[in-house]
Each structure stands twice: as structure tokens, then as C-alpha cells.
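Report on the following structure.
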Amino acid sequence: MTAALQTNDASYIAHALGIVARAKGMAQIAAQTGLSREQL
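Below you can see the structure in the form of C-alpha cells.
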């Protein structure tokens, strides 16, 4: 994620977030970030 964020490329960051979300589970990420699943 750090590398993705450093690119400042919104589509690349979104893609990286999708990979992380699938790996960790959307509900767990939502709980850890304080965002809803829809916001993610």
C-alpha cells in the first residue's frame, strides 16, 4: 500500500485497496478504518 500511495495515482491506489480488501475481508477493513463497507 505504501508504494501505491506514493504514486498519487487514484486508480492504482483503488486497485491496490481492492487487492488488500479481498485478502483481509471487507468487514474487517471497515471495522479497522471506521469506514462503512460502501465507503471502501
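The opening position of the sequence shown corresponds to residue -17 in the numbering used here, with each subsequent residue numbered one higher.
C-beta atoms are modelled at their ideal positions from N, C-alpha and C, and glycine is treated no differently.
Given a cut-off of 8 Å on the beta-carbon distance, is the pair residue i and residue j in contact?
{"i": "Met(-17)", "j": "Ala(-2)", "result": "yes"}
{"i": "Ser18", "j": "Ala12", "result": "yes"}
{"i": "Gly5", "j": "Tyr(-6)", "result": "Correcting the residue identity first, residue 5 is Ala in this sequence and not Gly. No, the Cβ-Cβ distance between Ala5 and Tyr(-6) is not below 8 Å."}
Do you know how far the Cα of residue j is from the Cα of residue i?
{"i": "Ile1", "j": "Asn(-10)", "result": "17 Å"}
{"i": "Gly16", "j": "Ala(-4)", "result": "18 Å"}
{"i": "Leu22", "j": "Gln(-12)", "result": "19 Å"}
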